[in-house]
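This report refers to the structure that appears directly beneath it.
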Ligand code: FES
Ligand code: FES
């Protein structure tokens, strides 16, 4: 048994920390409820805020009567967009994908017009959250409803406009062509040739809207009573929030401190500049008092950004033997009503991933972004890459089916062989390392691929009512977002470097300040392992600090599987500089030549002697500085920064077995195996946890989740009653393994793991379901594959129609007893 | 306002509360027991799960006045005499949490589940946790944690503390 304050004793853990299943340092607090979620915090004199939101998808604000609300008990103020028009700043789009991109100004609080159902038009500030909410009900808004456009295809017609002033719903068209870029041939030629003498597969695939649905609702607390204005925010990006608050409100950056305390999940959903966040900041400044806003779950789903939401037009050309000769992609991507922080950039990230692990000789990618009167879209776990992987892995299955060969065979025919790395893809990126053969062979063996194929055959022959399907997804993704120069070339407004500081304390403890900002990833543990190895100090002696711009002055935060790949390298560089500085001091103290002093496992030694001293002794000697070399600064701490030259490319083979009840349309997952190459694994326990969670989110896109709106643009799936997240009962245990080939882009050899599961799993599940029923004439089922959609597809409808109600789960466990009483 | 007296994590407390106040808000706002959290507004997520007289309840689904005279245990009172509960240990050991937001509810629900059924099958664990949502772990390691706790047992049970 362990005590409350301390992590358990290390036990027999010796040797290298990297690669060890360290239990997490974070957990002691989290399992005992000693948490610092933003909503847990309060400061003296703090007021609470509630929002008044638009019930209409598109409307003009005629008038707002706040008088009744202002009279309500304990109400301090009621604020409308006009009141803070000059001080609220704007919500920036950091990535205008083309020079011509249409980017309407996005105000945190609407002033004249609302563009989606849920937009904030007023805020009520009161002594308690309940009083603020009560009074918000009393705010009377007079609306003039405007026609709303709610669907990508409708929006493209430009008949009803999301922003009438723009004159169009089209924001930007981003294009890549391999012939023009010199990375490949002409795709139209390849398609024309295949039409006469080959195979052409054409598909329209739908990426439904999803909601990140992190478990901790967002919360913001702004305190303007100190020298700096402090904003506690449940954000993934404290540094970026600070920069953009300063850039858009005129408050000097040095007068803003942003703290991301404990943050309960993000998945891209907290990679955002949020209206309520800016409003909290503006209102606190206006009142000169601390103000807190915590959203309800309904508000969270309604007004936080959504993800995916694309129509994909795919044309694949191949020779008769299945060798792919070209891929043409056209995306229509729903921005929602504004271009969010990374709004247009998110689908554009897919440009580099539609070609997947394959050697396509010709490739073209076109992405049209389009406005609708729905909440804006932005990054959701994988961000552009799951969409791309879904499309290519679906179409590769279609090609295999067309030829009547095993889907793995068609992949192997087209994939990059392990002898061909580094490989420059047709999209122009260099894949550093990989071995698709090994990952696939291992996955097949774990899965029992051949036996399951035999069972499938047997069930088909028997005409079993429950058919079995095997789904394949051989994916790659680009991680470590992102090399600053590539970002610059793509017109992104910031860099992609990372920063760290390593401080040696007098008592021998080590503080590591990281610029990345965790919200469940276990950075405190993983970075402790890295530093413990490098400096040769005990794992327990390393303290990792993050998430406060006054502690961690520099950083670009956590998203895009970048923390380890970019941030880890920055930490290593800082640690190496500490060693270099300490070596100078050690040489002095040991009265040795600098060249003779070497460092290993925490100890400086003098070559050819038994003399030496520990790095922690050097730290103490530096603290006292009684005997210090001349002209050397009395400090051995160091900072490190890293900007990668290119991305890293994790890959893997995911195999999924699904059973489909052809009478009811219910589907059931039987087995899920994945073998991923994520490069060097720092902590297998944590890495596998990332895979489990990621895989589940991808499965959930395939089977359960969809943001559904009614004809008026109101979010129907606006609570956890209607937006279906899987439960423990809807999921199974997975078989996860790694087949590492260290990356060459960073000295850890890490490739990134946060998004792999989500990117890979969606097509594996859909391919499995389609595989189960393809012999019955089904070639596509729209996601989420509800029993109704599967059933309908089996009766001849591809199932691409709009969902009229939210998705339905499949419940298993009929043989389990229900709880004996209602508690 | 209504007067309530109850025991929370072994401490006797007494307050005047609005009749509409939810137990979870009472715990968080009046008592500062912020270990118990709110993840939804429709009683779906289970993040707010506590024990009321030894059985798990979603504390967003109970009025504070309904807890009058009751014994409430939250995640903050689960460990006894400075020792973690076996289920807390198991979640740490099996990496049953990532961001940790669902964790108080998951742990309290798991304790209840194991009190009812000390040796559940995997299917029974999954069934027993159906009312608790987690977005991070995919449930894989949560299920593993509960099975681990069942196997490795616990010397102490909740409420043993003074
Ligand atoms: S907060 Fe109680 S169930 Fe979600
Ligand atoms: S650990 Fe994050 S929601 Fe469960």
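Protein chains in written order, with the UniProt record's numbering: chain H, 1 to 823; chain A, 1 to 162.
All residues carry an ideal CB built from backbone N, CA and C; glycine is no exception.
Source: prediction; values computed, not measured.
Using 8 Å as the threshold, is the C-beta distance between residue i and residue j below it?
i	j	result
residue 170 (chain H)	residue 339 (chain H)	no
residue 35 (chain H)	residue 236 (chain H)	no
residue 317 (chain H)	residue 198 (chain H)	yes
residue 471 (chain H)	residue 691 (chain H)	no
residue 466 (chain H)	residue 659 (chain H)	yes
residue 597 (chain H)	residue 606 (chain H)	yes
residue 292 (chain H)	residue 220 (chain H)	yes
residue 701 (chain H)	residue 613 (chain H)	no
residue 755 (chain H)	residue 694 (chain H)	yes
residue 113 (chain H)	residue 61 (chain H)	yes
residue 560 (chain H)	residue 475 (chain H)	no
residue 738 (chain H)	residue 645 (chain H)	no
residue 125 (chain H)	residue 109 (chain H)	no
residue 648 (chain H)	residue 743 (chain H)	yes
Following a CB-centred definition, is residue i positioned closer than 7 Å to any heavy atom of ligand 2?
i	result
residue 639 (chain H)	no
residue 102 (chain A)	yes
residue 669 (chain H)	no
residue 264 (chain H)	yes
residue 98 (chain A)	yes
residue 520 (chain H)	yes
residue 135 (chain A)	yes
residue 504 (chain H)	no
residue 211 (chain H)	no
residue 51 (chain H)	no
residue 215 (chain H)	yes
Might you give, ordered along the chain, the residues of its own chain that have their beta carbon closer than 7 Å to the beta carbon of residue i, omitting 5 neighbours on each side?
i	result
residue 15 (chain A)	4, 30
residue 107 (chain H)	81, 88, 90
residue 122 (chain H)	52, 64, 66, 78, 79, 80, 139
residue 625 (chain H)	634
residue 124 (chain A)	117
residue 544 (chain H)	512, 514, 523, 524, 527, 528
residue 93 (chain A)	148
residue 727 (chain H)	none
Using C-beta distances below 6 Å, list every residue in its chain close to residue i, excluding the 5 sequence neighbours before and after it, in chain order.
i	result
residue 735 (chain H)	446, 673
residue 443 (chain H)	653, 655, 673, 675
residue 178 (chain H)	184, 362, 363, 426
residue 24 (chain H)	522, 525
residue 156 (chain A)	Only weak support exists for where residue 156 (chain A) lies, its pLDDT of 46 falling under 50; the coordinates are left without a value.
residue 802 (chain H)	With a pLDDT of 46 at residue 802 (chain H), under the threshold of 50, the modelled position of that residue is not reliable, and no figure is offered here.
If the cut is a Cβ gap below 7 Å, which residues of chain H does residue i touch?
i	result
residue 140 (chain A)	692, 733, 734
residue 107 (chain A)	31
Any heavy atom of ligand 1 within a distance shorter than 7 Å of the CB on residue i?
i	result
residue 728 (chain H)	no
residue 782 (chain H)	no
residue 157 (chain H)	no
residue 56 (chain A)	no
residue 46 (chain A)	yes
residue 61 (chain A)	yes
residue 39 (chain A)	yes
residue 484 (chain H)	no
Give the interface partners of residue i over in chain H, defined as CB-CB distance under 9 Å, in chain order.
i	result
residue 129 (chain A)	727, 728, 729
residue 143 (chain A)	728, 731, 733
residue 7 (chain A)	Per Cβ cutoff of 9 Å: no residues; residue 7 (chain A) is ~17 Å from chain H at best.
Can you pull the chain A residues whose beta carbon is under 7 Å from the beta carbon of residue i, in chain order?
i	result
residue 30 (chain H)	97, 100, 103
Closer than 8 Å by beta-carbon distance: list the chain H residues that pair up with residue i, in chain order.
i	result
residue 71 (chain A)	The premise fails here: residue 71 (chain A) is roughly 16 Å from chain H at the closest Cβ pair, so nothing lies under 8 Å.
At 8 Å on the CB atoms, spell out the chain A contacts of residue i, in chain order.
i	result
residue 37 (chain H)	34, 37, 101
Take residue i and list the residues in its own chain whose beta-carbon comes closer than 8 Å to its own, dropping the five residues that flank it on each side.
i	result
residue 402 (chain H)	199, 201
- prompt: So does the stretch 555 to 573 of chain H actually touch the stretch 480 to 500 of chain H, counting three or more Cβ pairs closer than 8 Å?
  reply: yes
- prompt: Can you find at least 3 beta carbon pairs, one from the stretch 268 to 288 of chain H and one from the stretch 539 to 551 of chain H, that sit closer than 8 Å?
  reply: no
query: For the 8 Å Cβ check, are there 3 or more pairs between the stretch 258 to 273 of chain H and the stretch 326 to 337 of chain H?
result: no
message: If contact is defined by three or more beta carbon pairs under 8 Å, each pair taking one atom from either stretch, is the stretch 206 to 216 of chain H in contact with the stretch 39 to 55 of chain A?
response: yes
- prompt: Is the number of C-beta pairs between the stretch 347 to 356 of chain H and the stretch 379 to 390 of chain H that are closer than 8 Å three or more?
  reply: yes
- request: Evaluate contact between the stretch 126 to 135 of chain A and the stretch 107 to 117 of chain A, counting only Cβ atoms and requiring at least three cross-stretch pairs below 8 Å.
  value: yes
query: Does the count of Cβ pairs from the stretch 450 to 466 of chain H and the stretch 659 to 668 of chain H closer than 8 Å reach three?
result: yes
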